[in-house]
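Just below is one structure, and these are the notes that go with it.
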Amino acid sequence: MSYRYPHARRYALKHVDVTIDAGEFVCLLGENGAGKSTLCQTVNGVIPHSRGGRMHGDVVVGGLSTRDATVAQLSRRVGIVLEDPESQLFTTSVLSEVAFGPENLGIEREEILRRARQALRVVQLSEYADFPPSALSGGQKQRLAIAAALAMRPDILVLDEATSQLDPVGTREVFSVVRQLNQEHGMTIVMATNKGDEVAEFCDRVLVLHQGELIAQGDVRDVFADVELLDRVMIRTSQASQLATYLAARGAPLTSFPVTVDQARREIIALLQGAR
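Right under this line is the structure:
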């Protein structure tokens with residue numbers, strides 16, 4: 009699939025061909041302008057329906073072509089959380105925020121409340137049901153945006169740079185909740201992010217975009233080990249991966265390439281024991 013925005017000279021996405029299986033947790037990596045947000049918007053039909061422009065090829069979500077299905081139809085299958093939670097939150101209470109989507113579907117009141125309260129339990133915000141969204145922290149607001157998407161009962165959750173404005177605590181809150189949805193509820197996750205440490209710990213597979221092209225994909229360890237490629241496209245890997253690269257360059261390679269802190273700790277202990 010390729011896509012060009014209205015009045016743009018260059019294609020934002022060029023010949024992207026990828027399959028994401030049900031139940032996967034996939035992270036999109038790439039520099040600003042690489043096409044991550046554009047790819048996210050093709051999943052829920054905003055592209056091409058709302059953005060216009062020119063699209064070649066097809067995007068198929070759960071058997072539905074996004075060319076044929078409306079954004080409203082796709083919203084029942086795909087929930088999306090944006091970079092700035094403030095742009096998605098507009099009601100006077102946390103509970104009403106989560107209930108807004110199902111209410112627009114014409115669902116009965118009792119079912120709306122059941123969905124809303126269940127979604128708040130999942131993101132651990134039940135005790136804030138009567139609070140105004142403005143009273144929440146950044147991480148809590150992003151979790152509220154996730155709860156609002158969950159109340160629509162989607163099969164797929166797309167997060168477009170949803171942690172870029174959060175501190176490390178808020179970032180970990182969001183990643184932990186999303187991982188729980190993936191592991192315990194079987195939800196498919198597509199997440200655009202540049203948080204290398206969290207990608208290493210939580211994601212199953214990584215897609216690397218550069219200037220609109222998909223230039224690498226695979227297991228986190230394999231992708232992060234390609235130091236030359238990631239340096240070329242200015243992507244920072246996890247701290248554990250950076251340490252392994254540093255040691256290898258100075259003649260002390262680790263037995264296997266670590267991507268998480270726990271993996272690095274085991275490898276360094278083995279290295280030190282072998283040096284005795």
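Position one of the sequence shown corresponds to residue 9 (my numbering), numbered consecutively onward. All residues carry an ideal CB built from backbone N, CA and C; glycine is no exception. Please read these numbers as outputs of a predicted model, since none were measured by experiment.
When the alpha-carbon of ASP29 is set against those of ALA77, ALA127 and ILE197, the nearest one is in ILE197.
In this structure, the beta-carbon distance from ASP168 to GLU94 does not fall below 7 Å. The alpha-carbon separation between GLN126 and GLU119 amounts to approximately 10 Å.
A contact between stretches requires three or more CB pairs, one per stretch, nearer than 8 Å, and the region 127-141 fails this requirement with the region 168-180. Take the alpha-carbon of GLN247 and the one of THR99: they are about 39 Å apart.
Secondary structure of SER134 (DSSP, three-state): helix. DSSP, reduced to helix, strand and coil, places GLY87 within a strand of the structure shown. For GLY178, the enclosing alpha helix (DSSP H) begins and ends at 176-193. Annotated as distal: GLY38 and LEU279, with beta-carbon spacing of 7 Å or more. Between ALA107 and ALA124 the beta-carbon gap is near 4 Å, inside 8 Å, which marks them as a contact. The continuous alpha helix (DSSP H) containing SER45 extends over residues 44-51. Fully enclosed alpha helix (DSSP H) runs of no fewer than 4 residues occupy 228-233, 235-240 and 247-257 of the region 210-273, in order along the chain. Annotated three-state conformation of ARG12 is strand, per DSSP. Under the three-state reduction of DSSP output, ARG62 falls in the strand class. Counting along the chain, LEU158 sits inside the alpha helix (DSSP H) bounded by residues 146-158. Contact between the region 44-60 and the region 15-27 is present, with at least three C-beta pairs closer than 8 Å. Secondary structure of ILE276 (DSSP, three-state): helix. For GLY31, the closest of VAL185, ARG274 and LEU165 by C-alpha to C-alpha distance is LEU165. Apart from sequence neighbours up to five positions away, the residues of its chain that approach SER145 with a beta-carbon distance below 8 Å are GLY178, ordered along the chain.
Beta-bridge pairing by DSSP links VAL166 to ILE88 and VAL198.
Distance from the Cα of VAL207 is smallest, within the candidate group HIS193, GLY226 and HIS64, for GLY226. Straight through space, the alpha carbons of VAL34 and ARG240 are spaced by roughly 22 Å. In the structure shown, VAL24 falls within a coil segment according to DSSP collapsed to helix, strand and coil. Taking a C-beta distance under 7 Å as the contact criterion, PHE232 and PHE210 do not qualify as a contact pair.
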